[in-house]
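All residue numbers for the sequence shown refer to UniProt numbering, where the first residue is 1 and numbers rise by one. Down below is the structure, laid out as C-alpha coordinates.
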Amino acid sequence: MCASTTWYIDGHKGACGCGPANGDSQFDWNHSGFVAAASQNVFDSNPSVKWCGHMCGKCIKLTTTGGFVPGQGSAIGAGQSHVFMVSNLCPNESPNLAWCNQDSHNGYVNTHGYHAHFDLEDGAGQLRGIGWRDHNPEVTYEEVNCDQAHQQNSKTPSNSMYHQCQCGHQGK
(Lines of atoms letter the chains of each structure in order from A and count residues from 1; the text may use other names and numbers.)
(Lines give C-alpha, C1' and ligand atoms only; values in the text may rest on other atoms or scores of the structure.)
Protein backbone atom coordinates (compact mmCIF):
# COMPACT_ATOMS: atom_id res chain seq x y z
CA MET A 1 0.00 0.00 0.00
CA CYS A 2 1.29 3.49 -0.81
CA ALA A 3 1.63 6.35 1.66
CA SER A 4 2.63 9.99 1.56
CA THR A 5 5.51 11.41 3.61
CA THR A 6 6.61 14.79 4.92
CA TRP A 7 9.30 15.74 7.43
CA TYR A 8 9.43 17.70 10.67
CA ILE A 9 11.81 18.80 13.40
CA ASP A 10 10.47 18.51 16.91
CA GLY A 11 11.95 18.76 20.38
CA HIS A 12 9.04 17.01 22.12
CA LYS A 13 8.74 13.42 23.33
CA GLY A 14 5.68 12.81 21.16
CA ALA A 15 2.51 10.76 21.53
CA CYS A 16 4.41 7.59 22.51
CA GLY A 17 6.17 9.32 25.41
CA CYS A 18 9.72 8.87 24.11
CA GLY A 19 11.49 11.30 26.41
CA PRO A 20 12.22 11.76 30.12
CA ALA A 21 9.10 11.43 32.29
CA ASN A 22 9.79 14.73 34.05
CA GLY A 23 9.49 16.93 30.96
CA ASP A 24 8.56 17.12 27.29
CA SER A 25 12.00 16.73 25.69
CA GLN A 26 13.01 13.82 23.44
CA PHE A 27 15.41 10.99 24.04
CA ASP A 28 18.40 11.48 21.72
CA TRP A 29 17.43 8.52 19.53
CA ASN A 30 13.92 10.01 19.12
CA HIS A 31 15.56 13.18 17.80
CA SER A 32 18.34 11.72 15.65
CA GLY A 33 17.06 8.27 14.66
CA PHE A 34 14.68 7.03 12.00
CA VAL A 35 11.36 7.77 13.71
CA ALA A 36 7.96 8.73 12.34
CA ALA A 37 4.70 10.34 13.34
CA ALA A 38 1.91 8.23 11.82
CA SER A 39 -1.47 9.49 10.65
CA GLN A 40 -4.27 8.74 13.12
CA ASN A 41 -5.65 5.79 11.13
CA VAL A 42 -2.22 4.11 11.31
CA PHE A 43 -1.33 5.27 14.86
CA ASP A 44 -4.47 3.66 16.30
CA SER A 45 -7.73 2.42 14.78
CA ASN A 46 -9.67 4.31 17.47
CA PRO A 47 -9.73 7.98 16.36
CA SER A 48 -9.98 9.20 19.95
CA VAL A 49 -6.63 7.62 20.96
CA LYS A 50 -3.97 10.36 20.94
CA TRP A 51 -1.48 8.79 23.43
CA CYS A 52 0.11 5.32 23.37
CA GLY A 53 -1.52 4.18 20.13
CA HIS A 54 -1.24 0.52 19.11
CA MET A 55 1.52 1.36 16.56
CA CYS A 56 3.78 3.01 19.15
CA GLY A 57 7.17 1.32 19.07
CA LYS A 58 6.44 -0.69 15.94
CA CYS A 59 8.67 -0.38 12.90
CA ILE A 60 7.68 0.24 9.33
CA LYS A 61 9.85 -0.26 6.28
CA LEU A 62 9.30 2.63 3.88
CA THR A 63 10.35 2.08 0.27
CA THR A 64 10.30 4.89 -2.28
CA THR A 65 8.19 4.39 -5.40
CA GLY A 66 9.67 7.24 -7.43
CA GLY A 67 6.40 9.15 -7.02
CA PHE A 68 5.57 12.34 -5.12
CA VAL A 69 2.75 14.87 -4.77
CA PRO A 70 3.22 17.55 -7.46
CA GLY A 71 3.97 20.92 -5.89
CA GLN A 72 4.74 19.26 -2.53
CA GLY A 73 7.97 17.40 -3.30
CA SER A 74 10.14 16.02 -6.06
CA ALA A 75 11.19 12.69 -7.49
CA ILE A 76 13.88 10.53 -5.96
CA GLY A 77 14.83 7.08 -7.16
CA ALA A 78 12.47 4.18 -6.60
CA GLY A 79 13.49 1.27 -4.39
CA GLN A 80 15.24 3.12 -1.55
CA SER A 81 14.22 1.47 1.75
CA HIS A 82 14.68 2.61 5.34
CA VAL A 83 13.02 1.38 8.54
CA PHE A 84 11.36 3.91 10.87
CA MET A 85 9.89 3.40 14.33
CA VAL A 86 6.51 5.01 15.07
CA SER A 87 7.12 7.29 18.05
CA ASN A 88 4.55 10.01 17.49
CA LEU A 89 1.14 10.90 16.06
CA CYS A 90 0.56 13.17 13.07
CA PRO A 91 -2.80 14.53 14.28
CA ASN A 92 -5.74 15.48 12.09
CA GLU A 93 -5.39 19.16 12.96
CA SER A 94 -3.62 22.26 11.68
CA PRO A 95 -0.99 22.37 10.20
CA ASN A 96 -1.35 18.68 9.23
CA LEU A 97 -4.84 18.78 7.68
CA ALA A 98 -3.77 18.11 4.09
CA TRP A 99 -1.63 15.11 5.05
CA CYS A 100 -3.05 13.50 8.21
CA ASN A 101 -6.79 13.93 7.68
CA GLN A 102 -7.72 10.34 6.79
CA ASP A 103 -11.17 9.78 8.36
CA SER A 104 -14.68 8.62 7.54
CA HIS A 105 -15.66 12.04 6.15
CA ASN A 106 -13.29 11.72 3.19
CA GLY A 107 -13.22 7.99 2.50
CA TYR A 108 -10.17 7.46 4.72
CA VAL A 109 -7.77 9.18 2.34
CA ASN A 110 -5.88 12.44 2.84
CA THR A 111 -6.18 15.47 0.57
CA HIS A 112 -3.61 13.92 -1.76
CA GLY A 113 -5.40 10.55 -2.04
CA TYR A 114 -3.30 8.41 0.35
CA HIS A 115 -4.74 6.07 2.98
CA ALA A 116 -1.67 6.52 5.22
CA HIS A 117 0.84 9.25 5.97
CA PHE A 118 4.19 9.29 7.79
CA ASP A 119 5.74 12.55 9.02
CA LEU A 120 9.45 11.77 9.41
CA GLU A 121 11.67 13.35 12.09
CA ASP A 122 14.75 15.19 10.78
CA GLY A 123 16.02 16.67 14.06
CA ALA A 124 19.67 15.78 13.39
CA GLY A 125 19.61 15.87 9.58
CA GLN A 126 19.02 12.13 9.24
CA LEU A 127 16.60 12.61 6.31
CA ARG A 128 18.96 15.00 4.59
CA GLY A 129 21.63 12.33 5.03
CA ILE A 130 19.60 9.79 3.03
CA GLY A 131 18.40 12.36 0.47
CA TRP A 132 14.72 12.35 1.49
CA ARG A 133 14.36 15.79 3.12
CA ASP A 134 12.38 18.29 1.04
CA HIS A 135 11.41 15.56 -1.46
CA ASN A 136 8.45 14.11 0.50
CA PRO A 137 8.59 10.84 -1.45
CA GLU A 138 5.69 8.51 -2.02
CA VAL A 139 6.46 5.20 -0.32
CA THR A 140 5.12 1.73 0.18
CA TYR A 141 5.10 0.53 3.76
CA GLU A 142 5.10 -2.70 5.70
CA GLU A 143 5.58 -3.58 9.35
CA VAL A 144 8.95 -5.19 10.13
CA ASN A 145 10.96 -6.34 13.15
CA CYS A 146 12.65 -3.38 14.90
CA ASP A 147 15.56 -5.33 16.36
CA GLN A 148 16.49 -6.89 13.02
CA ALA A 149 16.31 -3.46 11.37
CA HIS A 150 18.44 -1.93 14.17
CA GLN A 151 21.10 -4.60 13.60
CA GLN A 152 21.26 -3.58 9.93
CA ASN A 153 21.18 0.19 10.60
CA SER A 154 21.61 1.68 14.07
CA LYS A 155 19.53 4.74 13.04
CA THR A 156 16.46 2.51 13.43
CA PRO A 157 15.62 2.36 17.16
CA SER A 158 15.61 -1.05 18.84
CA ASN A 159 12.89 -2.52 21.05
CA SER A 160 15.03 -1.86 24.14
CA MET A 161 15.24 1.82 23.19
CA TYR A 162 11.46 1.97 22.84
CA HIS A 163 11.00 0.34 26.25
CA GLN A 164 12.46 3.56 27.75
CA CYS A 165 9.34 5.39 26.56
CA GLN A 166 6.34 6.08 28.76
CA CYS A 167 4.24 3.91 26.45
CA GLY A 168 7.05 1.35 26.16
CA HIS A 169 5.39 -1.35 28.22
CA GLN A 170 2.03 -1.27 26.48
CA GLY A 171 1.42 -3.76 23.70
CA LYS A 172 5.04 -4.78 22.94
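Every residue, glycine too, gets a C-beta built ideally from N, C-alpha and C.
Helix, strand or coil at residue i according to DSSP, with G and I counted as helix
{"i": "S81", "result": "strand"}
{"i": "H117", "result": "strand"}
{"i": "L127", "result": "helix"}
{"i": "V42", "result": "helix"}
{"i": "S87", "result": "strand"}
{"i": "S48", "result": "coil"}
{"i": "W29", "result": "helix"}
{"i": "A3", "result": "strand"}
{"i": "Y108", "result": "coil"}
Contacting residues, own chain, Cβ-Cβ under 8 Å from residue i (five flanking each side not counted)
{"i": "residue 190", "result": "Nothing can be reported for residue 190, as the shown portion of the chain is limited to 1 through 172."}
{"i": "H169", "result": "H163"}
Residue i and residue j closer than 7 Å at C-beta
{"i": "Y162", "j": "G57", "result": "yes"}
{"i": "W51", "j": "A15", "result": "yes"}
{"i": "V69", "j": "H112", "result": "yes"}
{"i": "L127", "j": "W29", "result": "no"}
{"i": "residue 180", "j": "S154", "result": "Outside the displayed span of the chain (1 to 172) sits residue 180, for which this structure offers no information."}
{"i": "S32", "j": "K61", "result": "no"}
{"i": "T5", "j": "P95", "result": "no"}
Anticipated Cβ contact below 8 Å, residue i with residue j, distance rounded
{"i": "residue 174", "j": "H135", "result": "Residue 174 lies beyond the stretch modelled for the chain, which goes from 1 to 172, so this question has no answer here."}
Spatial neighbours of residue i in its chain, beta-carbon cut-off 6 Å, leaving aside the 5 residues before and after
{"i": "E121", "result": "V35"}
{"i": "A98", "result": "T111"}
Residue i Cβ short of 6 Å to the ligand ATP heavy atom set
{"i": "H54", "result": "The model on display carries no ligand, and the ligand ATP is accordingly not part of it."}
Contacts around residue i, its chain only, beta-carbon distance under 7 Å, and the 5 residues preceding and following it disregarded
{"i": "Q166", "result": "G17 and A21"}
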